[in-house]
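Everything on this sheet refers to the single structure shown next.
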Amino acid sequence: MKKGLSRRNLFKYVGAGSATAVVAGCENKPEKLIPMLVPPTDYEYTPQTAYQYMTTCRECDAACGMMVTTREHRAQKAEGNPNHPLNQGALCAKGQASLQTLYNPSRHAYPLADGKKIPWQEGLQQFSALTQTAAGAIAYLGKPAVGSEGDFLDEWLQAAGGGKRVDFELLSQNSQVEANQIAFNRADVPEYAFEKAGLILNFSADFLETWGNPVENARRFADMHAYQKGNKNKFVHISPHVSLTGAKADRWVVINPGTEGLVALAIAAVIQQENGSHTFLKAYLESYSPENVAEETGVSAEAIRGLAKEALEHGPLLAIGGGNVSATKQSVETLVAVNILNAVSGALDKTLRFYNQTAVKKSTHQDLLELISDLDAGKIKLLIIDDSNPVYALPPSMGFAEAIKKTFVVSLASQKSETTHEANLVLPALTAYESWGDAFPRSGVKSIQQPVMSAVNTFDAKAREDILINTVQSIDKTAFSGNSNYLDFLQDKWSKIQRELGDTRSFENFWISILENGGIYEKPKFARTALSRKVTAVKVSSPELVGQEGLTLLPTTSLLLGDGSGANKPWLQEVPNPMSQIVWDSWVEINPDTAQKLGINDRAIIEVKTPHGSVQATAYYHFGIHRDAIAIPMGQGHQHSGEVADGFGINVMQLLPGEFDNAGNLSFVGVQAELKLINEKSYTVNTDGNARQLGREIAAATTVEELAHPENHGSAHKRPTEFYPDRSETAGYYKPYRWGMTIDLDRCNGCSACVVACYAENNIPVVGKIRTAIGREMSWIRMERYIEGYGDDFETRFSPMLCQQCGNAGCETVCPVYATYHNPEGLNAMIYNRCVGTRYCSNNCAYKVRRFNWFNYEFPAPLDQQLNSTITTREVGVMEKCTFCVQRIKTAKYDAKDLSRDLEDGEVLTACQQTCPTKAITFGNLMDPESKVAKSALRETADKRDRQYEVLAELNYKPAITYLKKVNTREVLGHNSENHDSHQNSENHG
Amino acid sequence: MGTTAEYNATAGKVVIDEHQGHPGIKATTLDYGQINDEMLAMLDKPRPSYYLLLLGFLMALGLGALSLAIQVDVGIGYSGISHPIAWGFYITNFVFWIGIGHAGTLISAVFYLTRAPWRTAIYRSAEAMTVFAVMTAGLFPLLHTGRPWLAYWLIPYPNERMLWVNFKSPLVWDVFAVTTYMSVSIMFFMLGLIPDMAILRDEAIRKGKKLKALIYAPMALAWRGTNHQWIHYMRGYLIFAALATPLVFSVHSIVSWDFAMSSVPGWHTTIFAPYFVAGAIFSGLSMVMTVLIPMRAVFGLQDYITNHVIQSVSKMIIFTSMIVGYAYASEFFIGYYSGSPFERAIFYYRPFGEMESWTLLGENQINFPQIAFWLMVFCNVIAPIPLWRWKIRNNALAVWIITIFVNIGMWFERFNIVGSSLQHEYDPAAWGEYWPTVVEVGITVGSFGFFFTLFTLFAKSLPPMAIMELKEATNPPMRNAAKGH
């Protein structure tokens with residue numbers, strides 16, 4: 003999409019503004035369907051037309067801007083707000099799946115008192131009565147406030163007679179904040195300017211998954227790391243575990259669990275010695291010299307010196323720490339060490355910049371523990387919980403589930419969860435799609451959250467804030483200065499913001515402009531920061547996890563399921579975890595060397611036992627884990643979160659002690675686990691047929707050195723001379739469009755947002771675990787993961803595989819009924835109604851991207867309301883596949899036709915391209931030599947190609963997708979490696 | 013044609029019969045009346061064991077019908093075929109049954125034209141098998157599609173939907189090949205039946221069985237056995253034989269092109285047409301033996317289906333077994349010689365499973381395709397080797413056992429081609445495994461039930477041997493006398 007506001011969009015947004023005013027006005031009345039024959043008169047509305055509303059994604063507290071497409075008053079597609087500075091139009095997989103928060107069949111449909119349905123009136127009365135009697139002894143436990151709701155809740159608690167508010171966020175950045183306070187006197191999370199760095203040293207942070215704002219991180223990281231004009235910056239992953247983030251690293255430095263801080267200080271020591279900065283650190287750092295820490299960290303002194311040398315040569319450096327894997331009891335010290343490294347290397351104020359703001363203090367897990375003891379002591383009479391799910395997410399040893407039995411729990415949740423299951427009174431809340439709100443994720447960014455549609459008609463829910471206002475006003479009429487709903491409160495807040503901005507428009511105009519843009523985006527103000535001299539007081543030591551009995555347990559975060567809140571969304575369960583390719587399950591990552599020593603086979607069921615609990619899960623062989631550690635992803639093992647979540651996998655939190663670091667944050671790492679083989683085989687489902695690509699160059703890579711010698715690669719891409727003329731020379735074809743795509747594998751990090759976006763856009767059914775087991779998954783994009791090499795020196799490659807829209811397709815010729823054919827714009831069009839279902843096309847597709855409807859799949863209500871109404875759903879016996887979002891192409895073409903012009907480059911975005919945080923996907927018209935896609939595909943100038951390749955080009959299918967090779971900075975010894983002579987003689991290295 | 017040579021099983025010597033007749037078919041020394049009586053006796057009221065057998069086959073058929081009903085009702089997803097193995101048991105069965113259907117026309121048409129005299133006793137049954145096997149085979153392309161109720165869209169005919177078929181697709185060729193083959197073999201079968209139908213009609217009238225007469229009479233097409241009719245009949249038969257002969261080779265070639273025309277490694281090969289035809293003859297002749305040897309024992313037809321006939325068929329089986337074996341070897345050689353990593357990989361996979369270097373750590377797994385492959389090699393290449401020995405060839409039981417092996421082997425050969433190639437195609441991330449479900453096994457069992465039910469009914473309702481050809485091969489009643497024997 004072009005930057006700025008096009009005429010078309012302008013009209014849309016204006017429409018959006020007026021529409022939302024109406025939507026907001028109609029409260030929670032049951033939704034009305036508007037028939038075509040009786041057009042609505044109250045406002046302009048055209049059936050089958052997409053209206054886009056700007057709002058804010060509330061799936062995590064990164065608060066990306068979101069643009070929701072609605073048709074027929076139903077939100078059908080979530081996309082990133084292109085104006086939003088954080089995500090710039092992109093969304094992650096969770097954001098894409100936020101539609102299933104809205105339409106989730108396991109939402110609460112009516113108020114419940116002790117599990118029984120009650121009328122709203124009764125529920126509200128009960129709540130009011132409770133609030134009145136519990137005055138002063140109320141606690142509100144909820145997600146950390148990132149916008150005005152913090153003030154709102156404080157005001158509410160005050161009006162209700164006092165109480166306390168505790169934030170609950172399992173994956174919080176409190177340790178980071180604390181470490182920054184110690185090191186820089188700034189209790190805040192800084193901006194990480196990835197793109198300015200020349201080298202990234204990552205100390206176990208999963209910044210492409212759940213750490214910080216993964217969408218923004220991914221974009222900025224790709225800008226830094228992707229190959230550009232013969233140059234590529236490096237990223238070194240220093241960790242006991244290779245996560246999806248680590249998989250993108252140029253090199254993995256294996257360290258003993260919990261020793262990130264020591265490595266950071268050792269590197270800092272060498273750098274300090276070299277550049278002589280921060281002399282007050284000299285003595286402090288000398289005690290952490292590489293030689294001193296080598297044994298404890300498991301990294302040789304030379305290796306550490308090597309890293310320091312690289313940092314000095316390729317600076318500016320950006321060192322990142324945090325995340326679960328380094329969250330030992332000394333997490334704060336570790337992060338201080340990383341801060342020291344940043345400061346010593348001169349990264350401060352360059353790649354690491356603090357905002358000129360005072361951050362809102364969030365409460366910690368320690369505060370939660372206090373709340374638990376208050377609950378135990380009977381000091382809390384009423385506990386209000388929002389959509390957070392602490393009963394599930396907290397280690398059972400903290401005793402939260404038991405403690406809340408001693409009080410009255412009112413849940414204001416929209417989704418069913420373990421927590422609402424325990425609640426005495428459940429008052430269903432609306433989701434972020436249906437209610438007002440705002441978020442201020444960082445300095446200068448104020449993002450509005452507006453209802454994009456009236457509430458989903460199958461759920462009788464009310465806005466959380468409105469329930470609270472209603473309750474408190476039944477006690478005290480003057481509370482909230484008479485504002486009867488949260489929108490009024492919010493508008494008060496925003497009029498204050500308007501005044502602060504010095505905006506002189508009428509508030510109404512200001513408000514509409516906010517709704518149109520999705521918020522206010524100003525350039526952040528930064529403050530200069532210096533390393534505090536007090537850091538020398540921080541003692542970093544090894545937690546000495548290695549060498550003990552058992553294996554160190556590393557609970558890892560899941561990119562898709564997060565802390566477990568994603569588990570009730572079918573898309574997120576169905577989309578394979580990009581690293582393990584496992585769906586609908588949990589697994590235990592274990593190093594093959596360790597596993598074989600213990601006699602545990604890949605995919606065996608093992609019991610993992612810690613002093614705090616035990617679980618049974620599938621062993622998954624992963625080269626990318628320390629030999630004395632195991633990793634288990636979070637997010638599964640639900641019991642009361644709805645059909646989609648319950649009974650799948652295990653909850654790793656059950657294995658953890660309720661221990662904390664100095665910041666009061668849960669310490670995730672530090673417990674040792676014993677493994678026991680239970681069963682040789684498990685029913686774990688993974689979607690990858692094979693982990694290795696056997697040198698077939700499906701996901702190809704090259705190196706910077708190779709690219710520096712163009713004479714080596716140009717000729718490889720020459721097409722064979724053919725007897726028949728190319729389709730582009732045939733009348734009726736490719737005039738003026740031939741749609742094509744390029745996918746830059748160097749930018750792709752496997753985050754799978756494209757996969758979820760495709761599910762959302764194309765009405766792709768979810769088939770479930772058992773059907774996926776026999777290859778019945780319907781996904782049109784497959785995030786292929788290939789592993790190269792062995793042991794610690796392995797490489798992970800990702801390649802999104804979708805229909806290649808071949809110019810010389812195998813599928814087209816073999817279809818006996820022309821159900822698939824080559825359309826004049828180069829698409830392998832698919833006529834679902836014409837398909838008889840011989841499936842020959844699928845057999846003859848070398849890329850295996852066609853999906854067959856083995857059954858009539860259901861979209862259990864109200865998930866069916868999400869279905870994209872511009873395309874069909876498919877019935878049993880029909881083949882389906884990607885057609886480059888042909889519905890989007892059509893819509894754009896019609897609009898262009900109205901203006902009597904051809905489509906311009908960038909006017910059509912496919913769903914996968916649109917949401918890609920790293921902009922790895924380029925789509926457009928290959929016949930237009932000026933288009934971005936033509937320029938990056940370099941189809942006509944084969945000799946100029948360097949990274950471009952077509953997958954399986956030798957088949958001469960002439961795919962319309964050009965892949966750009968991943969660029970490595972090292973040579974990975976693949977399965978032809980000399981270390982593995984036994985594999986050398988395989989027949990498949992043609 | 014001089015003397016009749018009969019192989020004496022116990023003596024192991026060739027005994028020259030004084031009488032004229034077809035060599036090796038003892039029955040041709042009988043007279044017309046004997047042949048008539050013995051043949052008609054076969055159509056007498058069946059024994060209870062017959063009904064028991066029929067019930068067994070009907071139950072198998074019922075199981076298939078039930079499985080099919082479930083599948084059509086719920087969706088093709090009840091089968092084990094999936095992504096990427098989109099063709100499994102059904103197409104395997106299709107190719108298998110089409111292959112079985114080759115023997116009949118080969119024996120009745122090709123051997124007729126090449127004047128192989130031993131065909132006389134077995135061609136009728138073989139032809140019936142052809143018709144039934146093609147009927148069975150024809151079911152599979154229908155029931156394997158996702159929307160079988162729309163299968164008629166594969167037929168090009170002017171229609172109001174303005175739709176047409178894609179003549180580039182081998183599946184459309186398949187429709188033509190199979191339907192042509194089916195109609196020609198049915199017509200050929202019916203044509204051959206005409207004089208015999210007249211015999212049955214006359215017999216029914218003689219015995220006063222009106223219903224039988226009513227059924228047989230139309231099929232006899234008013235045959236009276238006049239010289240004029242015989243002249244036309246023989247010309248017609250010859251023309252049909254000439255018409256059917258190319259079809260023997262074309263139909264399975266075209267079926268093979270369903271595979272060879274694709275780009276799937278393991279399918280995309282030029283050897284497929286002759287390879288499939290040889291395999292079809294191999295399996296067809298084996299099935300003929302599998303069915304006729306028990307029938308010979310039950311009806312006491314040793315004079316008709318003599319050891320000589322069995323020996324002749326056995327020789328054909330050895331011959332085609334060698335062709336098939338050569339094709340297997342050739343596939344492997346070309347797989348290696350092509351230099352294509354994909355071809356090499358699939359031909360490594362078929363016998364040995366995953367290559368160590370393919371997997372994460374180098375573990376080797378044996379799967380269904382490997383079992384299928386070694387069964388195929390054993391049954392099709394190794395099991396027929398004993399047939400080189402005269403003694404084995406002359407032992408009906410031994411031949412019967414070997415042909416059962418061949419039937420199994422040929423089914424697995426089809427599976428080996430259809431099923432295993434799809435498991436390991438170009439993109440390793442999209443490799444898959446295939447295990448059939450109960451529904452598929454049910455339908456497969458049902459297809460055998462269908463075939464054998466039809467054949468069992470045939471054996472008691474139509475003359476399983478060509479009475480008129482047997483008579484033709486015997487000395488005319490008066491001629492011996494004239495010669496003074």
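Residue numbers (the numbering used here), protein chains in the order written: chain A, 3 to 992; chain B, 13 to 497. Where is the CB? At the ideal position from N, CA and C, for every residue including glycine. Remember, predicted model here, so these are calculated numbers, not experimental data.
Collapsed DSSP secondary structure at residue i in the structure displayed
{"i": "Thr-41(B)", "result": "helix"}
{"i": "Ser-432(B)", "result": "helix"}
{"i": "Asn-423(B)", "result": "The sequence given here places Trp at residue 423(B); Asn does not occur at that position. Looking at Trp-423(B) - three-state DSSP - the assignment turns out to be helix."}
{"i": "Asn-835(A)", "result": "helix"}
{"i": "Thr-486(B)", "result": "coil"}
{"i": "Gln-230(A)", "result": "strand"}
{"i": "Ile-293(B)", "result": "helix"}
{"i": "Ile-283(B)", "result": "coil"}
Residues bridged to residue i [DSSP beta-bridge criterion]
{"i": "Val-768(A)", "result": "None, per the DSSP bridge assignment."}
{"i": "Asn-743(A)", "result": "In the sequence under discussion, the amino acid at residue 743(A) is Met, which differs from the Asn named in the question. Partner(s): Phe-925(A) and Ile-963(A)."}
{"i": "Asp-648(A)", "result": "His-640(A)"}
{"i": "Ile-634(A)", "result": "Pro-557(A)"}
{"i": "Ser-241(A)", "result": "Val-256(A)"}
{"i": "Glu-676(A)", "result": "Lys-611(A)"}
{"i": "Val-389(B)", "result": "According to DSSP, which records beta bridges pairwise, Val-389(B) is partnered with nothing at all."}
{"i": "Arg-853(A)", "result": "Glu-882(A)"}
Residues that residue i contacts on chain A, provided the C-beta gap is smaller than 9 angstroms
{"i": "Arg-159(B)", "result": "Cys-837, Val-838, Gly-839, Glu-877, Val-878, Gly-879 and Val-880"}
Residue i: contacting residues in chain B (beta-carbon distance under 7 angstroms)
{"i": "Trp-856(A)", "result": "Gly-87, Ile-88 and Gly-89"}
Delimiting residues of the alpha helix (DSSP H) encompassing residue i
{"i": "Gln-314(B)", "result": "Neither: Gln-314(B) is in no alpha helix (DSSP H) and is coded neither H nor E."}
{"i": "Thr-705(A)", "result": "Counting along the chain, Thr-705(A) falls outside any alpha helix (DSSP H), though it belongs to the beta strand (DSSP E) covering 703 to 705."}
Limits of the unbroken beta strand (DSSP E) element including residue i
{"i": "Arg-76(A)", "result": "76 to 82"}
{"i": "Tyr-788(A)", "result": "784 to 790"}
{"i": "Glu-993(A)", "result": "In the structure as shown, chain A starts at 3 and stops at 992, and residue 993(A) therefore has no counterpart that could be examined."}
{"i": "Arg-444(A)", "result": "439 to 444"}
{"i": "Pro-392(A)", "result": "Segment 392 to 395 is the alpha helix (DSSP H) holding Pro-392(A); no beta strand (DSSP E) there."}
{"i": "Ile-776(A)", "result": "Where Ile-776(A) is concerned, there is no enclosing beta strand (DSSP E), given that its DSSP letter is neither H nor E."}
{"i": "Ala-111(A)", "result": "Careful: Ala-111(A) lies outside any beta strand (DSSP E) and carries neither H nor E."}
{"i": "Ala-939(A)", "result": "Unbroken run through Ala-939(A) is the alpha helix (DSSP H), 934 to 939; no beta strand (DSSP E)."}
Per-residue contacts from residue i into chain A (C-beta, under 8 angstroms)
{"i": "Gly-92(B)", "result": "Ile-776"}
{"i": "Val-276(B)", "result": "Asn-845 and Asn-846"}
{"i": "Glu-437(B)", "result": "Ala-848 and Lys-850"}
Within chain A, the residues that residue i reaches when beta carbons sit closer than 7 angstroms
{"i": "Trp-165(B)", "result": "Val-819 and Val-838"}
{"i": "Leu-162(B)", "result": "Val-838"}
{"i": "Trp-443(B)", "result": "Gly-691 and Asn-692"}
Cross-chain neighbours of residue i in chain B, by beta carbon under 9 angstroms
{"i": "Gly-697(A)", "result": "Pro-353"}
Exercise. Can you list, in chain order, the residues of the segment 788 to 811 of chain A whose Cβ is nearer than 9 angstroms to any Cβ on chain B?
Worked result: Here the close residues are Tyr-788, Ile-789, Tyr-792, Ser-801 and Met-803.
Problem set entry | Selection of the segment 179 to 190 of chain B by Cβ proximity to chain A, strictly under 7 angstroms | The residues in question are Lys-180, Ser-181, Pro-182, Leu-183 and Val-184.
For this session: Closer than 9 angstroms, Cβ to Cβ, to anything on chain B: give me those residues from the segment 684 to 695 of chain A, in chain order.
Result: Within the segment 684 to 695 of chain A, Thr-689, Asp-690, Gly-691, Asn-692, Ala-693, Arg-694 and Gln-695 place their CB atoms closer than 9 angstroms to a CB of chain B, listed in sequence order.
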